[in-house]
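Below: the structure, in C-alpha cells.
Residue numbers (the numbering used here): 21 to 335.
This is how it looks when you write it as C-alpha cells:
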C-alpha cells in the first residue's frame with residue numbers, strides 16, 4: 021500500500037530513528053533499505069516476547085543506570101512492536117528520509133550477541149525516500165524547526181511531535197495559510213511582470229543592474245554605452261567568475277543567436293540574456309548562456325526587494 025507513488029500516507033504511528041551513533045550506518049541503511057538498531061545487550065527473545073522487565077534488567081546489567089536502562093528497553097520494544105503502518109523518518113545528507121518497514125525483526129550476528137557486532141534490522145517495504153509524494157525534495161533547510169529538532173535526540177528511537185506537519189509535507193499538501201500565501205505571491209509576481217513592461221528601456225536596464233547587484237554580482241563595465249555587445253560586465257567576488265549581461269526589452273531567437281555568436285568569441289564564463297518579452301520561446305545551446313525571461317526576472321526582483329522600487333518607477 022505504501023509503495024504507491026501518489027497514494028496519500030496515513031500512518032498509525034511515527035518514529036524518528038538515528039541510524040547509528042553519529043549516523044555511522046546511514047549510508048548502509050539507505051542503500052540497503054533497512055532500519056538498523058543496536059542494543060546488542062538486550063536479548064532478541066525477550067524483545068520478541070515484549071518482555072519489558074527482562075529487557076530493562078539486561079540493559080541495567082550492561083549500563084548500570086536505571087533511567088537509561090528503561091529508555092533502552094522502550095526503544096527496543098518500539099522497534100519490535102510497532103506495526104507495518106508506522107512511518108519511520110531519519111535525517112541524512114541534508115534531507116529528511118522516510119519509509120514504512122515490514123514487521124519482521126531480524127537478529128543479525130546472533131552468534132556474537134555478547135559483542136557490538138550483533139544488531140537487529142527491519143526491512144523497508146520500499147526504499148527510503150527523500151522526496152514528497154509529488155517528487156519535491158524534503159530538504160532539512162526547508163523544514164519546520166518543530167520537526168527537525170528531533171534530530172538532536174541522543175538516543176536511537178523517539179516519537180515525533182510535529183506529526184500533522186510531517187504528514188502534510190510527505191503528502192505534498194500545503195497548510196491553508198501557506199496555500200493562500202502562495203496564491204498571493206503568484207499574484208505579486210504576475211503584477212511585477214506587468215509593471216516591468218511599462219518601464220522605459222533605460223529604466224529596465226537599471227532594474228536589471230540593481231537585481232544583479234543585490235545578488236552579489238559586481239559591475240565592472242559601464243551599463244549600455246558605445247560597446248556593441250555588452251550591456252553589463254560583471255564579476256562575482258566570491259568565486260572570481262566573470263559574466264556579461266545582455267538586456268533586451270523585446271527580443272527573438274534570431275537576435276539571441278547573434279549575441280550568442282558574440283559571446284562565444286569573448287572570454288567570460290557566462291552570459292545572462294535578460295528580457296521581458298519575446299515573440300516565441302527562446303533556446304540556448306548550453307548552460308553557459310542563462311536565459312532570464314519575465315517570469316524568472318520577476319522572481320529575482322521580488323527576492324532582491326525591488327518591488328517597491330519598481331512600483332515607484334512606473335507611478
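Ideal placement from N, C-alpha and C gives every residue a C-beta, glycine not left out.
Since the model is a prediction, treat every value here as computed from it, not as a measurement.
For residue 141, the CB contacts under 8 Å within the same chain, skipping 5 residues up- and downstream, are 54, 55, 56, 57, 125, 126, 128 in chain order. A direct Cα-Cα distance of roughly 12 Å separates residue 181 from residue 173. Counting C-beta pairs with one atom in each stretch, the stretch 220–239 and the stretch 197–204 have fewer than three that are closer than 8 Å, which means they do not touch. Counting along the chain, no beta strand (DSSP E) covers residue 235, and no H or E run does either. In the DSSP assignment, residue 92 is bridged to no other residue. In this chain, residue 195 is not harboured by any alpha helix (DSSP H), its DSSP state being neither H nor E.
Scanning 171, 234, 193, 320 for the CA closest to the CA of residue 29 turns up 193. A straight line joining the alpha-carbon of residue 324 with that of residue 234 spans about 6 Å. Contact annotation: the stretch 34–46 touches the stretch 109–126, with at least three C-beta pairs closer than 8 Å. Proximity to residue 215 across 198, 185, 179, 331 peaks at 331, based on C-alpha coordinates. Take residue 105, set aside five residues on each side of it, and the residues of its chain with a beta-carbon closer than 6 Å to its own are 31, 32, in chain order. In terms of Cα proximity to residue 171, the closest of 42, 138, 326, 304 is 42. For the options 213, 218, 262, 219, the alpha carbon positioned closest to that of residue 312 is the one of 213. When rounded, the separation of the alpha-carbon atoms in residue 117 and residue 145 is 14 Å.
With fewer than 16 other beta carbons inside 10 angstroms of its own, residue 335 counts as exposed.
Only exposed fits residue 195, as fewer than 16 other CB atoms lie within 10 angstroms of its CB.
Between the stretch 264–272 and the stretch 295–309, the count of C-beta pairs closer than 8 Å reaches three or more; the two stretches touch.
For residue 102, the three-state secondary structure derived from DSSP is coil.
Distances from the CA of residue 259 to each of 280, 236, 240, 253 were compared; the closest alpha carbon is that of 236.
CA-to-CA, the gap between residue 40 and residue 46 works out to about 7 Å. A check of alpha carbon separations from residue 49 across 263, 169, 139 identifies 139 as the nearest.
Beyond the five residues adjoining it in sequence on each side, residue 143 comes within less than 6 Å, by CB distance, of 54, 122 in the same chain, given in chain order.
Of the residues assessed, residue 162 falls on the exposed side of the cut-off, its CB having fewer than 16 other CB atoms within 10 angstroms. If the five residues before and after residue 191 are omitted, its C-beta is found closer than 8 Å to the C-beta atoms of 28, 29, 152, 153, all from its own chain and listed in chain order.
In its chain, beyond the 5 residues on either side, 115, 117, 158 have a beta carbon closer than 6 Å to the beta carbon of residue 150.
Residue 309 places its beta carbon 7 Å or farther from that of residue 320.
Distance from the CA of residue 75 to the CA of residue 62, rounded to the nearest whole angstrom, comes to 6 Å.
Per DSSP, reduced to three states, the secondary structure at residue 267 is strand. Cα atoms of residue 279 and residue 198: separation of roughly 41 Å, rounded to the nearest angstrom.
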